[in-house]
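Chemist: Below is one structure. I have some questions about it.
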Amino acid sequence: MTFRQMMERLEAITARLEKEDLELEEGLRLFEEGVGLIREARERLTTAGARVEKLIGSLDEELKVEEFKLQELEKSEESK
7 MTFRQMMERL
17 EAITARLEKE
27 DLELEEGLRL
37 FEEGVGLIRE
47 ARERLTTAGA
57 RVEKLIGSLD
67 EELKVEEFKL
77 QELEKSEESK
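Just so we're on the same page, our numbering is the position in the sequence shown counted from 1, plus 6.
Following this line, the structure appears as structure tokens:
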């Protein structure tokens, strides 16, 4: 199930739980399903966040290296 599908399913579960004609057993089943989806969504968001932070960190390192190289180049040109 994609993240979008999980969100759509959670919306459907929420809408169903808000109806007054819901039987207790069905309500509990839907609630359990919703909790499971929320846990899975949270895990996926945490994983995605970690990947983004890693990518940003590697990009920052690349930029620092390039900045350092540029400064060294400027210094060598100034000394000529």
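Beta carbons are placed, not taken as given, at the ideal position from N, Cα and C, and that holds for glycine.
These numbers come from a predicted model, not from an experiment.
Could you spell out the range, first to last residue, of the alpha helix (DSSP H) harbouring T20?
Modeler: In the DSSP annotation of this structure, the continuous segment of the alpha helix (DSSP H) that includes T20 starts and ends at 9 to 23.
Chemist: Considering only C-alpha positions, which residue in the set I44, E84, L61 is nearest to E8?
Modeler: The sequence shown places Thr at residue 8, rather than the Glu named in the question. The option with the nearest alpha carbon to T8 is I44.
Chemist: Rounded to whole angstroms, what's the CA-CA distance from K49 to A56? Just pull it up for me.
Modeler: What sits at residue 49 in the sequence shown is Glu, not Lys. E49 and A56: Cα-Cα distance of roughly 11 Å.
Chemist: So, does the segment 33 to 43 touch the segment 13 to 22, judging by three or more C-beta pairs under 8 Å?
Modeler: yes
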